[in-house]
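**Student:**
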Amino acid sequence: MEGLKIPRHIGFIMDGNGRWAKQRKQPRNFGHIHGSNRIDEVVTACLDLGVECVSLYAFSTENWQRPKEEVDKICDILHKFLNQYAKKLIGNKIRLQISGDYTKFPKKIINLIEKRLEETKHFENRTLNIAINYGSKQEIVSAVNKLIESGKTCVTESDFASALYTANLPDIDLVVRTSGEQRVSNFFLWQIAYAELYFTPVLWPDFDKNELLKAIEWYSNRDRRYGKV
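Right under this line is the structure:
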């Protein structure tokens, strides 16, 4: 759309699936299913607008504490998504990237992730970055240990950034959190240092292309000074 400033990188904290289901007197997993069905519309709209990278907070390190039935369903949804989305990734030359320790998931998910990573690794212009078993504090500690193991005794910001999961990605310009919560919940703390934070009361299963445009219109009106006058 004319006049919009398009972020290079948008991060989504996809919140509100459980509340969406509760409003409809359904179990939480009903909300997770409908939330996953919303992803394609939002990612496609982002890329059509010219966004280079989309990061989705799909499963945090803390989410393992949820009931086993809910965790198992989220794993099933992730497996189904990776199966069904392959054609879209390859057909539209979208590189899949994973942030987080995905080796903690069931073997069938690990194998499918690695297959999709291999199939899309040569795409360079557009990236779908999915954060699973991800926590920013864990990522930062992991990066520090990686640098120590490499022999570093003094590091630069560039050194540190290169040790993160997102080393090859631009920093996040816009964070969108749905459901009305106003916190970042351990989401890419280093990468959102200068991001604009957009909080909407809309629950994730109801967040569509029109809601995305509202977020980008809001972003377009922000004065991003980076500490300058």
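Each step along the sequence shown adds one to the number in numbering that gives the first Met the number 0, with nothing skipped, and position 209 is 208. Ideal Cβ placement from N, Cα and C applies to all residues, glycine included.
Let me know the secondary structure DSSP gives Ala57 once reduced to three states.
**Tutor:** It is a strand residue.
**Student:** I'd like to know whether the C-beta atoms of Leu88 and Thr119 end up nearer to each other than 7 Å.
**Tutor:** yes
**Student:** Go to Val183, then tell me how far its beta strand (DSSP E) extends in each direction, as first and last residue.
**Tutor:** Per DSSP, Val183 belongs to no beta strand (DSSP E) and is neither H nor E.
**Student:** State the start and end residues of the unbroken beta strand (DSSP E) segment that holds His8.
**Tutor:** 8–12
**Student:** Use the C-beta contact count for Arg158: other C-beta atoms within 10 angstroms, 16 or more gives buried, fewer gives exposed.
**Tutor:** Inspection of the sequence shows that residue 158 is occupied by Asp rather than by Arg. Burial call: exposed.
**Student:** Measuring alpha carbon to alpha carbon, tell me which of Gly134, Gln22, Ile76, Phe11 ends up nearest Glu61.
**Tutor:** Nearest Cα to Glu61 within the set Gly134, Gln22, Ile76, Phe11: Gly134.
**Student:** With 16 as the cutoff for other CB atoms within 10 Å, does Glu216 come out buried or exposed?
**Tutor:** exposed
**Student:** Taking only runs that begin and end inside the segment 17–82, name each unbroken alpha helix (DSSP H) of 4 or more residues, in chain order.
**Tutor:** 27–48
**Student:** Going along the chain, which residues of its own chain have a beta-carbon closer than 6 Å to the beta-carbon of Lys107, five neighbours each way excluded?
**Tutor:** none
**Student:** Only counting runs of 3 or more residues, tell me where the beta strand (DSSP E) segments fall wholly within the segment 173–219, in order along the chain.
**Tutor:** 173–176, 195–198
**Student:** In chain order, what residues of the same chain have a beta carbon less than 6 Å from the beta carbon of Val235, not counting five sequence neighbours either side?
**Tutor:** Since the first and last residues shown for the chain are 0 and 228, residue 235 lies out of range.
**Student:** Please classify Val140 as buried or exposed, where buried requires at least 16 neighbouring CB atoms within 10 angstroms.
**Tutor:** exposed
**Student:** Based on DSSP bridge pairs, tell me the residues matched to Ser98.
**Tutor:** DSSP lists Ala130 as the bridge partner or partners of Ser98.
**Student:** Grab the span of the alpha helix (DSSP H) containing Asn124 for me, first residue to last.
**Tutor:** For Asn124, no alpha helix (DSSP H) encloses it, and the DSSP letter there is neither H nor E.
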